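Beneath this line is the structure, given in structure tokens, with notes to follow.
Structure, rendered in structure tokens:
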């Protein structure tokens, strides 16, 4: 019997109303799937723990070396290229990688989704939570290691580091669901998105500070909410840095407006997503 037939043949002996409220069911499903995803991602391949840290650290060290070789001995903000790029690359990865894992959540959890109690939103949220926690851990390890090596503890405003970091992860969650919905209707979209999203790596403020750009370029890039979040995060991490570009209202409107749209589309097109 195939997985579809097996799942459909299961008879629930316990009424759904005995399983708890919808919120309780959602929390239980999501927490269980986070543990399952964690075992799948890190349990079967021990090197996955190392790779999660080595990949961003490799990028950071490479970019630091390139900028030093070009004669830039002082980063635009702070006194360490490693920390400057870390406060750009790792938060951006929270957006990009969360979007990628959420987009593929349904495809890679199809057997579980044959059970009526498991919904696509459970798979989306569980993957987003695990990826966000992974990126936070990577950021904490880099900051902690840098502080230990150089004997300096960051005088950061951690609230204004955590909030934009979380908002970037939520943006990735939104984009992941939207891409999942679009791909369900138009399969080539996955490849198209991969192409059109690549410039975001350059245009989101990983390599620069917006205030150093010409006014025309600054205005164009100000439409990119990811750049606002990275500038906001750096303003919290580096006490001496105060960005004039950050528009908190714009970022919050974009993030939670996108979240509302993503959740509505997920509910409307749930059956199409599951095909």
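Residue numbers (the UniProt record's numbering): 1 to 275.
Built from N, CA and C at the ideal position, the CB exists for glycine as well.
Small disclaimer: the values here were computed from a predicted structure and weren't measured.
Which value, in whole angstroms, describes the spacing of the CA atoms of residue i and residue j?
| i | j | result |
| --- | --- | --- |
| residue 273 | residue 218 | 38 angstroms |
| residue 210 | residue 243 | 8 angstroms |
| residue 200 | residue 61 | 20 angstroms |
| residue 238 | residue 182 | 39 angstroms |
| residue 169 | residue 136 | 10 angstroms |
| residue 304 | residue 179 | Given that the chain is displayed from residue 1 to residue 275, the structure contains no residue 304 and the question cannot be resolved. |
| residue 262 | residue 79 | 40 angstroms |
| residue 255 | residue 205 | 18 angstroms |
| residue 275 | residue 71 | 54 angstroms |
| residue 266 | residue 75 | 42 angstroms |
| residue 81 | residue 24 | 45 angstroms |
| residue 167 | residue 116 | 31 angstroms |
| residue 141 | residue 216 | 37 angstroms |
| residue 106 | residue 38 | 16 angstroms |
| residue 221 | residue 92 | 15 angstroms |
| residue 42 | residue 161 | 27 angstroms |
| residue 176 | residue 49 | 23 angstroms |
| residue 5 | residue 264 | With a pLDDT of 42 at residue 5, under the threshold of 50, the modelled position of that residue is not reliable, and no figure is offered here. |
| residue 112 | residue 271 | 15 angstroms |
| residue 251 | residue 83 | 24 angstroms |
| residue 144 | residue 54 | 15 angstroms |
| residue 7 | residue 134 | Because residue 7 carries a pLDDT of 44, less than 50, the predicted location of this residue cannot be relied on, and the following value inherits that uncertainty. If I take the Cα positions, the gap works out to 32 angstroms. |
| residue 214 | residue 110 | 49 angstroms |
| residue 207 | residue 186 | 34 angstroms |
| residue 212 | residue 202 | 15 angstroms |
| residue 9 | residue 229 | Low per-residue confidence applies at residue 9: pLDDT is 38, beneath 50, and the placement is therefore not dependable, though the value from the model is reported in the following sentence. Each residue's alpha carbon lies about 48 angstroms from the other. |
| residue 153 | residue 69 | 27 angstroms |
| residue 198 | residue 190 | 13 angstroms |
| residue 104 | residue 40 | 14 angstroms |
| residue 21 | residue 114 | 21 angstroms |
| residue 196 | residue 108 | 24 angstroms |
| residue 163 | residue 253 | 14 angstroms |
For the alpha helix (DSSP H) containing residue i, name the first residue and the last one.
| i | result |
| --- | --- |
| residue 177 | 159 to 185 |
| residue 275 | Here residue 275 belongs to no alpha helix (DSSP H), and DSSP marks it neither H nor E. |
| residue 100 | 81 to 103 |
| residue 338 | As shown, the chain starts at 1 and ends at 275. That puts residue 338 outside it, with no answer to give. |
| residue 223 | No alpha helix (DSSP H) contains residue 223, which DSSP labels as neither H nor E. |
| residue 244 | Unbroken run through residue 244: none, as it is neither H nor E. |
| residue 118 | Run containing residue 118: none; DSSP gives neither H nor E here. |
| residue 194 | 189 to 196 |
| residue 23 | 22 to 38 |
| residue 202 | 200 to 203 |
| residue 76 | Counting along the chain, residue 76 falls outside any alpha helix (DSSP H), and DSSP gives it neither H nor E. |
| residue 213 | Residue 213 -> no alpha helix (DSSP H), and no H or E assigned at all. |
| residue 111 | 110 to 113 |
Just confirm the distance between the C-beta atoms of residue i and residue j, as a whole number of angstroms; I'd bet it's less than 8 angstroms.
| i | j | result |
| --- | --- | --- |
| residue 94 | residue 165 | 6 angstroms |
| residue 172 | residue 96 | 7 angstroms |
| residue 125 | residue 56 | No, residue 125 and residue 56 are not in contact; Cβ-Cβ is about 23 angstroms, not under 8 angstroms. |
| residue 269 | residue 184 | 6 angstroms |
| residue 58 | residue 174 | The pair is not a contact, with the Cβ atoms about 28 angstroms apart (cut-off 8 angstroms). |
| residue 260 | residue 77 | That belief does not hold up - the Cβ atoms of residue 260 and residue 77 are roughly 34 angstroms apart, past 8 angstroms. |
- [ ] Take every Cβ of the segment 242 to 249, pair it with every Cβ of the segment 223 to 233, and state whether three or more of those distances are shorter than 8 angstroms.
- [x] yes
Task: Given 8 angstroms, three or more beta-carbon pairs between the segment 103 to 121 and the segment 143 to 159 - done: no
Open item on the list: Would you call the segment 232 to 244 in contact with the segment 83 to 90, where contact means no fewer than 3 C-beta pairs closer than 8 angstroms?
Closed with: yes
Task: Validate contact between the segment 100 to 109 and the segment 22 to 31 using beta carbons, cut 8 angstroms, 3 pairs - done: no
- [ ] Specify whether the segment 126 to 142 and the segment 32 to 44 touch according to this definition: at least 3 beta carbon pairs, one from each stretch, less than 8 angstroms apart.
- [x] yes
Task: Three-pair Cβ contact test at 8 angstroms for the segment 61 to 74 versus the segment 138 to 151 - done: no
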